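So the structure is just underneath, and the comments pick up after that.
Protein chains in written order, with my numbering: chain A, 1 to 180; chain B, 1 to 360.
Following this line, the structure appears as structure tokens:
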């Protein structure tokens, strides 16, 4: 499972039950991460997205950020739980494909064992927060860091992590991806 | 068949309730690590608390749901205090005890705006600043924020403004009530107060950034009010009440009501003489307990202790202690409650702050 999450400067995610921030360019990049938005900026057809399993999984809380993109989403109450169950099922009976989940209002820790890849969008701002990222990033290896121009934010930093004890880490290292 | 299914469902729900109750009791026992005696709640007390909780408005109940999205790690969970019901009643004597954070949540994080104020704000952007009072102090600043009000250029100099209580070379910052980035007011003396970096940058700025980015992202409107709170004739404010409410979606995206403390960072060991603005060396925690920083409540300033042993309820997060029948206890989550048996003096010595509302 690939998990996407947005954090403010100190790791905060929510304040008073509300997201601390949003940016349409990040929402768009999330569809790219799910595979439904091609690198040249063109969206796959809804049929292709459905057939290839490239929809982004979210909870109803995040729906507002993807207005008009319903065909590219799987909206379920607990996307982490359902995606991890779905992946487990697929691995046993089918070829298996990584599901991309965007999380705002749910804890990550209970599903940490199922997270193969974590993509962190840093707002590079300090916002008030009363909920924060609940996993220890030192258990992950940073494999990629890039910058994204936001619509309402100057620069958003995007970081890609792989779990240190994940088997996929070995594959990544063979590829010479040593940047931490 | 259907009837049997429902009976089975009810039995399952009952079993789940019993299990969750056991879990809560385990957590309560765990709090004995703090070294104070824990006593069992009587069934009568439990019933009273339940009644008080259920008398809350439905609005508060629904907010409670959105405020607890699962078990995500919390930073400031339950730093909630009993607040006045009316905006006009919020003053230096109702400021919550400083608990080490830059801000305290007021009025369940719901701004005090009236329906009329919201309707007026929806008519279009505006900004309104109170006249300076007879001591040249600022009053509340209010705006219906939108992109139209935001500045297009960079901020100019404001060094020539000397807000009330301003002292040169004392480590103060000229603090905008409504940030320049939100309404473009640069050197408006009715919008500038004497504040610390802890107040201006660490306290106010995160809320300003959150509101500013939201307005820019959605081209949306936010009703916004900042009220500096002065005690008596003091020239430096004890802090500011900040309120924000996203207008078009009825507060779905932006909704807050917080008090930001105007104190130096506790690690600086610098205190403010709020009457004059002069600064001096000292311990913030002691100053707070003596009413010389944070709020000036009777609980903070009086020598009230009767030397008798009481049972108090301590909020483990905020370290504020209450009488068991204080309405603040009803709003506290069970996992943050801890019973403390001792005198008022012993509670304060143990590092707890008396609740400004029930004044134990």
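Even for Gly, the Cβ is constructed at its ideal location relative to N, Cα and C. As the structure is a prediction and not an experimental result, all values here were calculated from the model.
Ranking A/71, A/79, A/139 by CA distance to the CA of residue 47 of chain A puts A/71 first.
Going by beta carbons, residue 313 of chain B and residue 344 of chain B fall outside the 9 Å limit.
With the criterion set as a beta carbon lying under 7 Å from some beta carbon of chain A, the members of the stretch 195-211 of chain B are 205, 206, 207, 209, 210, in sequence order. Residue 12 of chain A carries a strand assignment under DSSP once its states are collapsed to helix, strand and coil. Across the stretch 228-256 of chain B, CB contacts with chain A closer than 8 Å involve 252, 253, 254, 255, 256, in sequence order along the chain. Of the candidates B/128, B/109, B/108, the residue whose Cα lies closest to the Cα of residue 117 of chain B is B/128. With respect to residue 10 of chain A, residue 132 of chain A sits close: the two C-beta atoms are nearer than 9 Å. Counting only runs of 3+ residues, the beta strand (DSSP E) found wholly inside the stretch 7-80 of chain A occupies 12-15, 56-58, 73-75, in chain order. Remark: C-beta atoms of residue 210 of chain B and residue 244 of chain B approach each other more closely than 9 Å. Taking 9 Å as the cut-off, the Cβ atoms of residue 15 of chain A and residue 256 of chain B count as close. Bounds of the alpha helix (DSSP H) holding residue 206 of chain B are 205-218.
Under the rule that a run must span 4 or more residues, the alpha helix (DSSP H) segments found entirely inside the stretch 151-191 of chain B read 180-183. From the listed residues A/102, A/159, A/44, the smallest Cα separation to residue 141 of chain A is found for A/159.
In this structure, the CA atom of residue 280 of chain B is about 33 Å from the CA atom of residue 130 of chain A. Within 9 Å of the CB of residue 217 of chain B, the CB atoms of chain A belong to 21, 22, 23, 24, 150, 151, 152, 153, in sequence order along the chain. Three or more beta-carbon pairs separated by less than 8 Å are not found between the stretch 276-293 of chain B and the stretch 219-230 of chain B, which leaves the two stretches without contact. In this chain, the alpha helix (DSSP H) harbouring residue 122 of chain B covers 115-122. If you ignore the 5 residues before and after residue 55 of chain A, its C-beta comes within less than 7 Å of the C-beta of 34, 36, 49, 72, 73, 74, all in its own chain and listed in chain order. Excluding residues up to 5 positions away in sequence, 139, 140 lie with their Cβ nearer than 6 Å to the Cβ of residue 130 of chain B in the same chain.
Residues of the stretch 116-138 of chain A that bring their beta carbon within less than 7 Å of a beta carbon in chain B comprise 125, 126, 127, 128, 129, 130, 131, 132, 134, in sequence order. Residue 149 of chain A counts as exposed, since fewer than 16 other beta carbons sit within 10 angstroms of its beta carbon.
Note that the C-beta distance between residue 92 of chain B and residue 232 of chain B is below 9 Å.
Under the Cβ distance rule, residue 265 of chain B does not count among the residues neighbouring chain A, no pair being separated by less than 9 Å. Counting along the chain, the unbroken beta strand (DSSP E) around residue 141 of chain A starts and ends at 140-149.
Here the alpha carbons of residue 341 of chain B and residue 152 of chain A stand approximately 52 Å from one another. Taking 9 Å as the threshold, the shortest C-beta distance from residue 188 of chain B to chain A does not fall below it.
Looking at A/102, A/69, A/64, the one whose alpha-carbon comes closest to that of residue 80 of chain A is A/102.
B/354 is the residue among B/360, B/354, B/330 whose C-alpha sits nearest the C-alpha of residue 99 of chain B.
Judged by DSSP in its simplified three-state form, residue 160 of chain A adopts strand. In this structure, residue 134 of chain B sits away from residue 163 of chain B, with a CB-CB distance that is not shorter than 9 Å. In the structure shown, the three-state DSSP call for residue 196 of chain B is coil. Put simply, the backbone Cα of residue 161 of chain B is about 11 Å away from that of residue 173 of chain B.
If you check the CB distance, residue 182 of chain B and residue 215 of chain B come in under 9 Å. For residue 144 of chain B, the enclosing beta strand (DSSP E) stretches over residues 141-145. Nearest in C-alpha terms to residue 310 of chain B, of all of B/318, B/316, B/322, B/317, is B/322.
Sequence-distant Cβ neighbours of residue 156 of chain B in its own chain, meaning closer than 6 Å and more than five residues away, are 186.
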